[in-house]
Amino acid sequence: MVATVKGVETQHEVVKNCFCMEGGQGETSYINNSQSRNLEMVVPALKETLDTIRLPRRPEKLLAAADLGCSCGQNTLVVADAIVQHMTDMYVSQGHDPPEFCIYFSDLPSNDFNTLFRLLLDRRYFGAGVPGSFHDRLFTERSIHAFTSTFSVHWLSRVPEQVLDKGSPAYNAGKVFVHGASEATGAAYRRQFQSDLARFLRCRAAELKRRGAMFLLCLGRPSSAAPTDQGRVRLLYGTLFEDSWADLVREGLMDGFNVPLYAPTLDEVREAVEAAGAFRINRLEMVTGSPAAVDHPDDPGAVGHTVANNVWSFVGALVDAHVGKALADELFGRLQRRAEERAGELMAEMRLPHVVCSLSLA
């Protein structure tokens with residue numbers, strides 16, 4: 004018997020307690036599917052953000068940084084290494100001895116911290132895991148010099164309640180994603196994103212040191228697009244995933260589910276920053292990422308396999324919690340076949356836009 008999650012509040016608890024990138028080191032794990040090329044592309048922008056950190060005449064001997072939504076792959080280590088190297092260079096260039104570093108890695112309690120910790124051996128910093136939602140307070144007041152969050156804040160704290168309420172105009176009937184949904188559904192997702200980001204920023208404003216800085220990187224969409232037009236993200240969740248889910252709904256095997264993801268425009272990010280009221284924007288722009296890394300991009304089978312594993316690494320835990328492993332396997336098998344059929348389009352179009360945002364306390 005397949006156990007399914009029912010009820011608005013229950014689905015919220017699933018996101019809060021079960022949501023994580025796929026752990027371990029298998030072929031569907033996040034560690035084997037994270038696209039580090041998209042992160043390496045924006046390392047210069049991260050360093051520019053770190054340059055806004057103003058060192059006092061006698062700088063502290065310990066520098067603390069935190070990566071929020073760290074998951075368990077190499078991306079968080081790329082960020083940590085960039086911070087340590089750049090801040091070491093900054094100290095030395097200003098005539099100071101390099102500081103010691105404490106890097107905090109934070110994600111939901113369901114995150115595979117064990118896999119991450121095995122990657123931290125012999126690093127140039129002290130590391131610590133901090134479980135919890137980045138929509139809540141995580142650190143003591145004025146304790147962190149630099150915050151980073153990469154590929155994370157586009158994930159919502161919850162699916163908007165109205166989207167799951169059959170009596171609401173925003174009920175997302177027959178769909179699992181905001182792309183192509185009703186205007187009311189799009190508005191509900193937009194409000195949830197802006198509320199979540201403003202809450203995230205208010206928490207960080209309390210925890211960041213006065214001279215500190217924050218760097219954000221998340222999925223985005225063109226400024227001209229409505230909330231129900233999620234741009235190229237639609238290929239993953241509005242086409243491949245949603246159509247595969249619809250197959251199983253028609254066969255009576257699944258019930259309601261929605262992907263808690265929202266790709267914002269630059270204006271929507273700016274509005275959330277202004278609503279939080281504590282930060283000034285140093286840099287806000289859209290960059291286009293690299294295509295998915297596929298060993299044999301001309302082979303539809305290889306493309307389908309890579310794309311299915313990639314989506315599984317992101318939302319597999321939520322799907323498994325909702326319908327059980329057997330139906331999750333069936334769903335992603337169908338998604339893989341659809342990706343194989345559209346392999347050429349995916350390789351041409353899967354260069355996803357990302358929002359780059361650099362912030363300092365106002």
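Here the sequence shown is numbered in my numbering, starting from 4 and rising by one per residue. Just so it is clear, CB atoms sit at the ideal spot from N, CA and C, and this is done for glycine as well.
- prompt: Taking just the CA atoms, how far does Val-236 sit from Met-90?
  reply: Distance between the alpha carbons of Met-90 and Val-236 is about 34 Å.
message: By the three-class DSSP mapping on this structure, what secondary structure does Val-46 have?
response: Helix.
- prompt: Under the three-state reduction of DSSP, which class applies to His-325: helix, strand or coil?
  reply: Of the three classes helix, strand and coil, the one that applies to His-325 here is helix, per DSSP.
query: Between Val-322, Ser-226, Phe-260, Ala-365, which lies nearest to Ala-278 when the distance is taken from Cα to Cα?
result: Out of Val-322, Ser-226, Phe-260, Ala-365, Ala-365 has the C-alpha closest to the C-alpha of Ala-278.
query: Taking one C-beta from the region 143-156 and one from the region 116-134 each time, how about it: are there three or more such pairs within less than 8 Å?
result: At 8 Å Cβ cutoff, the stretches do not touch.
query: So, helix, strand or coil for Arg-286, using DSSP?
result: In the structure shown, the three-state DSSP call for Arg-286 is strand.
- prompt: With a Cβ-Cβ cutoff of 9 Å, do Asp-100 and Arg-126 count as a contact?
  reply: No, the pair does not count as a contact, with Cβ atoms beyond the cut-off.
Where Thr-52 sits in the DSSP three-state scheme: In this structure, Thr-52 counts as helix in the three-state DSSP scheme.
query: Is DSSP giving Asn-36 helix, strand or coil here?
result: Per-residue confidence for Asn-36 stands at a pLDDT of 48, beneath the threshold of 50, marking its modelled position as unreliable; the derived number appears in the next sentence. Under the three-state reduction of DSSP output, Asn-36 falls in the coil class, being neither helix nor strand.
message: In the DSSP output, which residue or residues are listed as bridge partners for Glu-103?
response: Under DSSP, the beta-bridge partners assigned to Glu-103 are Leu-65.
Among Glu-186, Ile-106, Gly-319, nearest to Ala-228 - alpha-carbon criterion: Out of Glu-186, Ile-106, Gly-319, Glu-186 has the C-alpha closest to the C-alpha of Ala-228.
task: Check whether the region 183-201 touches the region 296-309, counting contact only when three or more Cβ pairs, one atom from each stretch, lie closer than 8 Å.
output: Too few Cβ pairs lie closer than 8 Å, so no.
- request: Taking the CB atoms as reference points, tell me whether His-182 and Ser-160 lie closer together than 9 Å.
  value: It is not a contact, given that the beta carbons lie outside the stated cut-off.
- prompt: Alpha carbon to alpha carbon, how far is Ser-363 from Ala-209?
  reply: So the alpha carbons of these two residues sit roughly 12 Å apart.
message: Quick check for students: name the residue ranges of the beta strand (DSSP E) that lie wholly in the region 108-168, counting only runs of 3 or more.
response: Entirely contained in the region 108-168, the beta strand (DSSP E) runs reaching 3 residues are, in chain order, 129-134, 147-153.
field: Below-9 Å beta-carbon distance, Gln-339 vs any chain C residue
entry: Structure shown: chain C not included; a single protein chain is present.
query: Name the DSSP bridge partner or partners of Thr-291?
result: Looking at the DSSP assignment, Thr-291 forms a beta bridge with Pro-356.
message: Going by DSSP in three states, Gly-259 sits in which element: helix, strand or coil?
response: Gly-259 sits in coil when the DSSP states are folded into three classes, being neither helix nor strand.
- request: Sort Glu-352, Arg-341, Ala-346, Cys-360 by Cα distance to Ile-284 and report the nearest one.
  value: Selected option, being the one with the closest Cα: Cys-360.
- prompt: If you compare alpha carbons, which of Ser-113, Glu-333, Val-272, Val-252 is closest to Lys-178?
  reply: The candidate whose alpha carbon is nearest that of Lys-178 is Val-252.
- prompt: What do you get for Ala-311, buried or exposed, if any count of 16 or more other CB atoms within 10 angstroms of its CB means buried?
  reply: Label assigned to Ala-311: buried.
Three-way DSSP call (helix, strand, coil) for Ser-96 in this model: Note: Ser-96 maps to helix in three-state DSSP.
- prompt: In angstroms, rounded to a whole number, what distance separates the CA positions of Leu-330 and Gln-339?
  reply: If I take the Cα positions, the gap works out to 14 Å.
field: Gly-177 (DSSP reduced to helix, strand or coil)
entry: In this structure, Gly-177 counts as coil in the three-state DSSP scheme.
- prompt: What did DSSP end up calling Gly-319 once you bin it into helix, strand or coil?
  reply: Shown here, Gly-319 sits in a helix according to DSSP, grouped into three states.
- request: Return the CA-CA distance between Ser-146 and Ala-216, expressed in angstroms with no decimal places.
  value: Their backbone Cα atoms lie some 12 Å apart in a straight line.
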